[in-house]
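Asks:
As structure tokens, then:
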């Protein structure tokens with residue numbers, strides 16, 4: 027019997043099947059520093075213990091997207107090692123903040139399965155949950171992914187397609203316990219603009235670009251213990267349709283989020299993702315630019331000190347975003363676009 | 027109103043204007059390790075908690091140049107985002123050591139302004155100060171930088187040119203409190219040579235070279251949350267006069283300092299910079315070599331256990347330094363030279 | 027007198043000579059995270075404090091190979107700066123685990139010397155020992171290395187060739203104090219296969235490959251404060267027989283070990299190295315694959331909860347290992363092979 031895992035194929039999954047994913051990881055101050063070094067993030071909440079304490083937290087929590095990278099990275103070996111494509115996310119919410127010293131692990135439950143008509147692959151829906159060492163939820167989401175069949179002839183069950191919410195409702199957003207924004211210091215945070223200053227339809231060009239090298243995105247993929255070889259095997263990459271290694275899509279999300287500091291510096295916490303698409307591939311040497319659009323504004327129940335902004339974040343490669351490249355009327359994206367993300371951001375309100 | 031910062035232009039500054047720069051940063055053990063990984067530094071004081079305690083410190087302090095990188099990195103967005111060139115430093119002194127867990131922030135005051143005769147730019151003098159969470163000074167310096175005008179027609183005030191000291195006097199050098207070198211272990215530190223063994227005029231070739239890659243210098247620029255895009259935007263870099271990304275000059279200083287271990291291993295602490303010039307640009311793929319010259323020796327008031335050496339540190343690229351490339355009689359530098367730094371170094375004396 | 031070290035040459039060594047190597051290093055959580063980021067290691071023991079506590083340890087110990095990199099890195103400046111080639115290791119055993127906060131230093135004793143017949147070089151045998159701040163042994167080994175003579179005419183003493191054991195006996199393997207595997211969780215560790223499931227002669231292809239870039243291996247060499255310039259000086263590298271920088275061989279060992287997780291996930295601890303050879307050079311851009319063979323199985327005296335596997339680990343570059351490339355009948359290696367390592371691995375037994 028082979029002791030080597032080659033991952034699960036479509037016909038290996040069963041609705042209701044549960045996975046406890048391997049290799050929990052104790053995140054530390056080092057992950058915080060590496061997150062700054064890899065992406066250049068400048069949000070004060072993740073950079074300064076003093077700032078974090080001034081808004082009621084224990085110390086600087088780890089970057090929200092870092093938590094995402096670690097949680098999803100652990101699921102790859104069981105869920106998406108044989109993926110054709112990542113199709114979508116829903117009901118994606120962050121829970122309690124993760125602090126240095128916390129140990130994060132992931133588990134998943136199969137919610138749905140539907141074979142494709144060509145019988146070569148099928149769609150797998152899972153709910154994945156990241157927890158800390160106390161069992162508290164740090165991230166929870168539904169993801170669906172197209173997975174190869176090992177054997178196109180293998181018989182599979184009747185399709186089960188789960189129903190997921192089109193977006194996370196503002197009332198369902200989770201505000202970290204103890205958070206108090208009365209003493210929030212705009213100057214230290216880097217912007218005078220608060221929740222009241224943003225309006226739906228407003229577009230913000232984040233101006234700067236950051237180039238990512240192969241060495242950078244491979245480092246992040248390894249750091250998150252993500253085993254999707256397409257990201258770090260240049261030899262095998264030569265025989266793929268791209269002819270080379272593909273940057274981990276999460277690397278681009280983190281770069282775009284870091285760039286969005288210029289215009290959204292007070293958007294201190296990601297609360298939820300409504301939808302997201304890696305529109306195009308990214309490779310070593312590409313320079314990532316980004317722009318944002320305010321989609322919606324929502325007050326939060328019982329909170330006078332902060333509100334939520336529903337944002338669209340677009341990243342483009344080798345294309346500055348002062349012309350706001352996006353989706354054309356025909357439904358096609360501008361060719362430079364690599365990411366289209368719809369998410370909820372928490373921001374302080376004026377006293 | 028745009029929420030995006032494009033930085034200050036020359037006509038935006040006023041003498042006496044004060045800036046509290048955004049995004050304080052809690053430095054940690056991770057920054058210490060990354061400093062070793064990025065530059066290969068081998069000074070025992072920054073590498074070993076045990077060694078640091080043996081000379082009276084709490085634990086291994088963070089590398090002095092790392093403190094510089096972080097303090098100056100925070101000033102970029104307000105002071106030098108639209109810089110034409112970095113012109114000089116003066117009265118540049120390190121204060122209390124920075125330990126893992128300390129939170130560093132930066133502030134600046136505009137000391138002087140002088141428009142250039144072409145009216146396209148002007149020189150801005152600032153005093154910048156880095157402090158820890160207790161408000162103690164960790165680094166303090168005057169810097170002057172040439173900054174573009176947004177509008178050449180904009181009227182500006184009469185020139186104010188501050189007077190700065192030509193060099194830091196030995197009596198003004200700050201020795202960390204509690205430092206006691208009675209138990210200083212030369213073998214562990216890596217050299218038998220102490221303050222008494224160096225003489226003005228002595229030249230030291232540091233022998234080894236270290237190649238820096240684009241991935242390396244971009245990582246350090248992001249780690250220090252330095253927003254000078256010229257360092258990490260390869261796409262925009264194509265349209266600059268160099269046709270490519272320019273390595274952050276501080277990266278070269280740290281490499282040269284790390285190389286200087288071979289010959290100056292007991293130079294455990296930088297106390298001050300008298301002057302410094304990034305003589306030439308450095309790019310990914312360049313190999314940095316370095317050599318030093320002893321400029322001056324100074325005992326320190328009330329200290330029998332340590333003295334100061336005023337050193338000149340020259341870095342050259344793709345050019346080993348056994349021939350000591352420097353400034354020619356005509357005032358021009360050898361074409362390989364990229365850095366010329368004049369600084370004060372603390373070193374133990376013999377008992 | 028020159029203050030610059032150019033390392034020791036063959037005629038500088040004396041049998042019985044002792045070295046306390048410079049620059050002890052306090053290893054931290056950052057080194058743990060960097061080890062994951064550089065190599066993609068997924069062993070739960072080094073990744074999760076919670077997992078490590080569940081098997082009786084204080085917290086997640088640092089990766090065994092990281093300890094090796096740091097201990098040997100410190101010896102380079104005194105022992106092998108002028109090496110022609112690394113020839114072998116013997117009696118190579120890990121001692122107490124190294125935890126974040128421990129300070130590691132190295133010392134060496136010259137065991138033997140034998141000039142080569144061409145008088146241009148000779149073989150130096152040293153016993154090197156890494157210790158923590160309490161003086162406890164963390165790693166101990168004999169290494170022999172061929173070192174240039176400075177002057178071929180220099181007279182040297184009669185040859186002294188030490189006797190070393192051909193392999194480490196199972197009874198001599200060191201099991202970390204307090205280790206208790208009763209609660210070992212296979213699912214969290216990532217494999218259902220325990221000691222009983224492996225048989226001598228069994229071969230395991232570790233499937234995935236990881237590409238290493240120049241930026242990656244230079245970072246690791248600097249991080250370990252290893253001064254072997256062949257690894258990080260691209261300018262000088264042009265004039266070597268390879269015409270370029272050579273990756274640090276330890277980088278390849280760590281990559282191969284990380285890859286071996288797929289098939290050996292429960293091999294949680296390296297106990298000893300019996301022999302090892304860097305069969306071929308590795309360069310930036312190479313993709314490393316690996317496979318393993320079980321050489322021997324040994325129970326451990328007094329331990330029903332764990333046993334030892336003697337493993338052979340082969341790494342190959344730009345060559346997937348499903349065909350198990352190794353040594354041919356004529357004693358020559360398959361041209362893709364870069365590493366052949368014979369080591370002892372600890373693995374839990376079934377209750």
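Protein chains in written order, with the numbering used here: chain A, 27 to 377; chain B, 27 to 377; chain C, 27 to 377. Just so it is clear, CB atoms sit at the ideal spot from N, CA and C, and this is done for glycine as well. Being a predicted model, the structure only gives us computed values, none of them experimental.
#1: Please identify the residue among B:51, B:285, B:319, B:81 whose C-alpha is closest to the C-alpha of residue 238 of chain B.
#2: Whole beta strand (DSSP E) runs in the stretch 257-342 of chain A with 3 or more residues, listed along the chain?
#3: Does any CB atom of chain A fall closer than 7 Å to the CB of residue 169 of chain B?
#4: Alpha carbon to alpha carbon, what distance is there between residue 252 of chain C and residue 235 of chain B?
#5: Taking the Cβ atom as the reference point for each residue, do residue 104 of chain C and residue 174 of chain C lie within a distance shorter than 7 Å?
#6: What's the gap between the Cα of residue 116 of chain C and the Cα of residue 152 of chain C?
#7: Excluding five sequence neighbours on each side, which residues of the same chain lie with their C-beta closer than 8 Å to the C-beta of residue 385 of chain A?
#8: Since residue 248 of chain C meets chain B, which of its residues come closer than 9 Å, beta carbon to beta carbon?
#9: Could you tell me whether the Cβ atoms of residue 288 of chain B and residue 31 of chain C are closer together than 7 Å?
#10: Ends of the beta strand (DSSP E) at residue 174 of chain C?
#11: Taking residue 185 of chain C as the reference, which of C:225, C:141, C:222 has the closest Cα?
#12: Please list the terminal residues of the continuous alpha helix (DSSP H) segment that includes residue 99 of chain C.
#13: Given this structure, state the Cα-to-Cα distance separating residue 335 of chain B from residue 221 of chain B, to the nearest angstrom.
#14: With DSSP as the reference, label residue 185 of chain B as helix, strand or coil.
#15: Which residue's Cα is closest to the Cα of residue 269 of chain B: B:44, B:309, B:113, B:200?
#16: By the 10 Å Cβ neighbour count, where 16 or more other Cβ atoms means buried, how is residue 354 of chain B classified, buried or exposed?
#17: Using the beta-carbon count (16 or more within 10 Å), is residue 376 of chain C buried or exposed?
#18: Hey, quick one: how far does the beta strand (DSSP E) through residue 63 of chain B stretch, first residue to last?
#19: On a Cα-Cα basis, can you pick out the residue from C:81, C:50, C:58, C:133 that is closest to residue 44 of chain C?
#20: With burial defined as no fewer than 16 other Cβ atoms inside 10 Å of the residue's Cβ, what is the status of residue 183 of chain C: buried or exposed?
#21: What are the residues of the stretch 296-325 of chain B that lie near chain A, defined by any Cβ-Cβ distance shorter than 7 Å?
#22: When we look at the beta-carbon of residue 179 of chain B and count the other beta-carbons within 10 Å, is it buried (16 or more) or exposed?
#23: By the DSSP assignment, the alpha helix (DSSP H) with residue 247 of chain B in it spans what residues?
#24: Going by the CB atoms, is the gap between residue 347 of chain C and residue 315 of chain C shorter than 7 Å?
#25: Hey, could you find the ends of the alpha helix (DSSP H) residue 75 of chain C is sitting in?
#26: Does residue 374 of chain A come out as helix, strand or coil in the three-state DSSP assignment?
#27: Whose C-alpha, out of C:359, C:154, C:67, is nearest the C-alpha of residue 249 of chain A?
#28: Counting along the chain, where does the alpha helix (DSSP H) carrying residue 192 of chain A start and finish?
#29: If contact is defined by three or more beta carbon pairs under 8 Å, each pair taking one atom from either stretch, is the stretch 357-367 of chain A in contact with the stretch 254-266 of chain A?
#30: Please return the same chain residues whose Cβ sits closer than 6 Å to the Cβ of residue 233 of chain B, not counting the five positions on each side in sequence.
#31: Does DSSP put residue 35 of chain C in a helix, in a strand, or in coil?
#32: What residue from A:325, A:333, A:305, A:322 has the CA that sits closest to residue 292 of chain A's CA?
#33: Between the alpha carbons of residue 203 of chain B and residue 122 of chain B, how many angstroms are there, rounded?
#34: Among the residues of its own chain, which have a CB less than 7 Å from the CB of residue 50 of chain A, if the five just before and after it don't count?
#35: Return the CA-CA distance between residue 76 of chain B and residue 157 of chain C, expressed in angstroms with no decimal places.
#36: Taking residue 261 of chain B and residue 313 of chain A to be in contact with their CB atoms under 8 Å, please state how far apart those CB atoms are, rounded to whole angstroms.
Replies: Reading it off the structure:
#1: Comparing Cα positions, the closest option is B:285.
#2: Counting only runs of at least 3 residues, the stretch 257-342 of chain A fully encloses the following beta strand (DSSP E) elements, listed from N- to C-terminal order: 295-303, 313-326.
#3: Residue 169 of chain B does not count as touching chain A.
#4: Rounded to whole angstroms, the gap between the alpha carbons of residue 235 of chain B and residue 252 of chain C is 13 Å.
#5: For residue 104 of chain C and residue 174 of chain C, no; Cβs fall outside 7 Å.
#6: A direct Cα-to-Cα measurement between residue 116 of chain C and residue 152 of chain C gives close to 10 Å.
#7: Since the first residue shown for chain A is 27 and the last is 377, residue 385 of chain A is missing from the structure and cannot be characterised.
#8: The CB of residue 248 of chain C comes closer than 9 Å to the CB of 62, 63, 64, 65, 66, 67, 236, 284 in chain B, given here in chain order.
#9: Result yes, Cβ atoms of residue 288 of chain B and residue 31 of chain C sit closer than 7 Å.
#10: Note, residue 174 of chain C: beta strand (DSSP E), 163-174.
#11: Of all alpha-carbon atoms in C:225, C:141, C:222, the one lying nearest the alpha-carbon of residue 185 of chain C is that of C:141.
#12: 90-105 is the extent of the alpha helix (DSSP H) around residue 99 of chain C.
#13: Our two residues, residue 335 of chain B and residue 221 of chain B, have alpha carbons roughly 7 Å apart in a direct line.
#14: In this structure, DSSP gives residue 185 of chain B a state outside helix and strand, which the three-state scheme calls coil.
#15: Nearest C-alpha to residue 269 of chain B: B:309.
#16: So residue 354 of chain B ends up on the exposed side.
#17: Taking all protein chains in view, the Cβ of residue 376 of chain C is surrounded by fewer than 16 other Cβ atoms within 10 Å, so the residue is classified as exposed.
#18: That residue, residue 63 of chain B, is in no beta strand (DSSP E); its alpha helix (DSSP H) goes 55-65.
#19: Answer by Cα proximity: C:133.
#20: The residue in question, residue 183 of chain C, is exposed, as its Cβ has fewer than 16 Cβ neighbours within 10 Å.
#21: Those residues of the stretch 296-325 of chain B placed with their C-beta closer than 7 Å to a C-beta in chain A do not exist.
#22: So residue 179 of chain B counts as exposed.
#23: Note, residue 247 of chain B: alpha helix (DSSP H), 240-249.
#24: Closer than 7 Å, so yes.
#25: Counting along the chain, the alpha helix (DSSP H) containing residue 75 of chain C begins and ends at 75-80.
#26: In this structure, residue 374 of chain A counts as strand in the three-state DSSP scheme.
#27: Nearest of C:359, C:154, C:67 to residue 249 of chain A, Cα basis: C:67.
#28: That residue, residue 192 of chain A, is in no alpha helix (DSSP H); it is neither H nor E in DSSP.
#29: Short answer: they don't touch.
#30: Correct list, in chain order: 288.
#31: Residue state, collapsed to three classes: coil.
#32: For residue 292 of chain A, the nearest C-alpha among the options comes from A:333.
#33: If I take the Cα positions, the gap works out to 8 Å.
#34: Counting only Cβ-Cβ distances below 7 Å, and skipping sequence neighbours, we find 129, 130, 131.
#35: Answer to the nearest angstrom: the Cα atoms are 13 Å apart.
#36: Contact holds; Cβ gap of about 4 Å.
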